[in-house]
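Residue numbers (UniProt numbering): 1 to 397.
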């Protein structure tokens, strides 16, 4: 067989360890072994009924043809309304919003449109693994700036500033943060904004968890800060808050000149998203029952977060920073003597509980794992009990 080497752009690009854990867990389940999964960030809820009904109606109405490259206008209008009501942000649905095939495609377009060979992109870690790898695919250099657990995984502005060079093109901010659960306060974001303005940098602000906030924390959008709308690529989507991971609908909002550049990338990747899904989603968002369902899910996530916090506090040998947002906890295994990778592998094999080793989320995280609490309350209780038993068995070795 001929040897076809991959393109050089794949050098340094890693496969997702999150997906590897998920694949292993599913293989175990197919073999008849039950698994409690805290691995992938996927809500266990069903999509709100009005969205499903609206999509069926759009499909039966034969809304199955191409839509605008920018997405169905009614959905862009609905997105503009959501941003106005949730963050006070105003975007023109005609020219300043692009609908994408999931938030992942929005991230891809934002990076491909504005960074390339020779550029540097600052990424605050712990970070979602796609950021670093898509930057590499663009031929640019990811510059990882650690946010340390002793600081609650909040960035040190002086350290971020030290990593800015003449090649720096963009800063990537994920707030609330996957995987740490950190929520960045307004004064910290304002410091990052001043840094971006001083060095004329773009900011890619991934705000897909913006409604998943707990314990009195407050969300602030980067684009809402003085001087930042003009340089912020605001990424969001429907997968997490609306339990729509399989529907693949995201969006990016920015000034029209920036969106026009991303549309060029979009035209030569997916061209446009699924028409009847977009129309159905727009119909569903107009139904008050959808917001009622979302609020019920958000309340459930808050209860689940409390179960995780109280459960982890009872496990001697594990330490963690209390999550303020999203639906993840980043847990240190240092007290067990195992690395995060060994801990996760043994826990899955011996106890049937799936968590994700955190080494791929950034430097200094080799002794951490990520636990997703996008699982049922009963699964969380049972899974944490299994984790406690596993840690106690390690102590007895």
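Ideal placement from N, C-alpha and C gives every residue a C-beta, glycine not left out.
1. Just checking my contact of residue 330 with residue 179 at CB under 8 Å: how many whole Å lie between their CB atoms?
2. Between which residues of its own chain and residue 164 is the CB-CB distance below 6 Å, once the five residues before and five after are set aside?
3. Beta carbon of residue 138, beta carbon of residue 186: below 8 Å?
4. Entirely within the segment 70-102 and at least 4 residues each: give me those alpha helix (DSSP H) ranges in chain order.
5. Could you please give me the residues that DSSP links to residue 346 through a beta bridge?
6. Whose C-alpha, out of 339, 348, 349, 372, is nearest the C-alpha of residue 359?
7. Tell me which residue opens and which closes the alpha helix (DSSP H) that residue 27 is part of.
8. Would you check if the distance between the CB atom of residue 370 and the CB atom of residue 356 is smaller than 8 Å?
9. As a quick exercise: from 229, 152, 177, 212, pick the residue whose alpha carbon is nearest that of residue 190.
10. Please report the Cβ distance between residue 252 and residue 234, rounded to the nearest whole angstrom; I am assuming they are in contact, meaning their Cβ atoms lie under 8 Å.
11. Taking only runs that begin and end inside the segment 143-224, name each unbroken alpha helix (DSSP H) of 4 or more residues, in chain order.
12. Cβ of residue 249 within 8 Å of Cβ of residue 195?
13. Using DSSP with H/G/I as helix, E/B as strand and the rest coil, what is residue 236?
14. So who's on the other strand from residue 370, going by DSSP bridges?
15. Per DSSP, what are the beta-bridge partners of residue 260 in this structure?
16. Using a Cβ distance threshold of 8 Å, determine whether the segment 253-266 contacts the segment 109-120, with at least three qualifying pairs required.
17. Are the beta-carbon atoms of residue 208 and residue 172 separated by less than 8 Å?
18. From the DSSP output, in three-state form, read off residue 131 for me.
19. Give the C-beta separation of residue 305 and residue 214 to the nearest angstrom, bearing in mind that I take them to be a contact with Cβ-Cβ under 8 Å.
20. Tell me whether the beta-carbon of residue 410 lies closer than 8 Å to the beta-carbon of residue 126.
21. Bridge partners of residue 320, per DSSP?
22. Applying the criterion that 16 or more other CB atoms from any shown protein chain within 10 Å of the CB defines a buried residue, is residue 14 buried or exposed?
23. Have a look at residue 73 and residue 297 and give me their C-alpha separation to the nearest angstrom.
24. Among all the DSSP beta bridges, which residues are the ones paired with residue 120?
25. Give the single residue among 205, 348, 307, 65 whose Cα lies nearest to the Cα of residue 107.
26. Check whether the Cβ atoms of residue 120 and residue 169 sit closer than 8 Å, and answer yes or no.
27. Within the same chain, show all residues whose beta-carbon is closer than 7 Å to that of residue 303, passing over the 5 residues directly before and after it, in chain order.
28. Within this structure, are the beta carbons of residue 320 and residue 333 separated by less than 8 Å?
29. Determine, using beta carbons only, whether residue 218 and residue 232 come nearer to each other than 8 Å.
30. Quick one: Cα of residue 197 to Cα of residue 158, how far?
31. Quick check on the DSSP output: the beta strand (DSSP E) that includes residue 253 runs from which residue to which?
32. When you compare the segment 84-91 with the segment 276-290, are there three or more beta-carbon pairs, one atom per stretch, that lie closer than 8 Å?
In terms of the structure at hand:
1. 5 Å
2. 199
3. no
4. Counting only runs that start and end inside the segment 70-102, the alpha helix (DSSP H) elements of at least 4 residues fall at 73-87.
5. Note: residue 346 sits in no beta bridge, so no partner.
6. 339
7. 17-30
8. yes
9. 229
10. With 8 Å as the limit, residue 252 and residue 234 qualify as a contact, their Cβ atoms being about 7 Å apart.
11. 157-162, 186-198
12. no
13. strand
14. Residue pairing from DSSP places residue 370 in a beta bridge opposite 330, 356.
15. Answer by DSSP bridge pairing: none, since residue 260 is not bridged.
16. Segments in contact, yes.
17. no
18. helix
19. 5 Å between Cβ atoms; contact.
20. Because the chain here runs from 1 to 397, residue 410 falls outside it and cannot be looked at.
21. Answer is 331, bridged to residue 320.
22. exposed
23. 27 Å
24. 141, 168
25. 205
26. yes
27. 377
28. no
29. no
30. 15 Å
31. 250-253
32. Contact fails: fewer than three Cβ-Cβ distances are below 8 Å.
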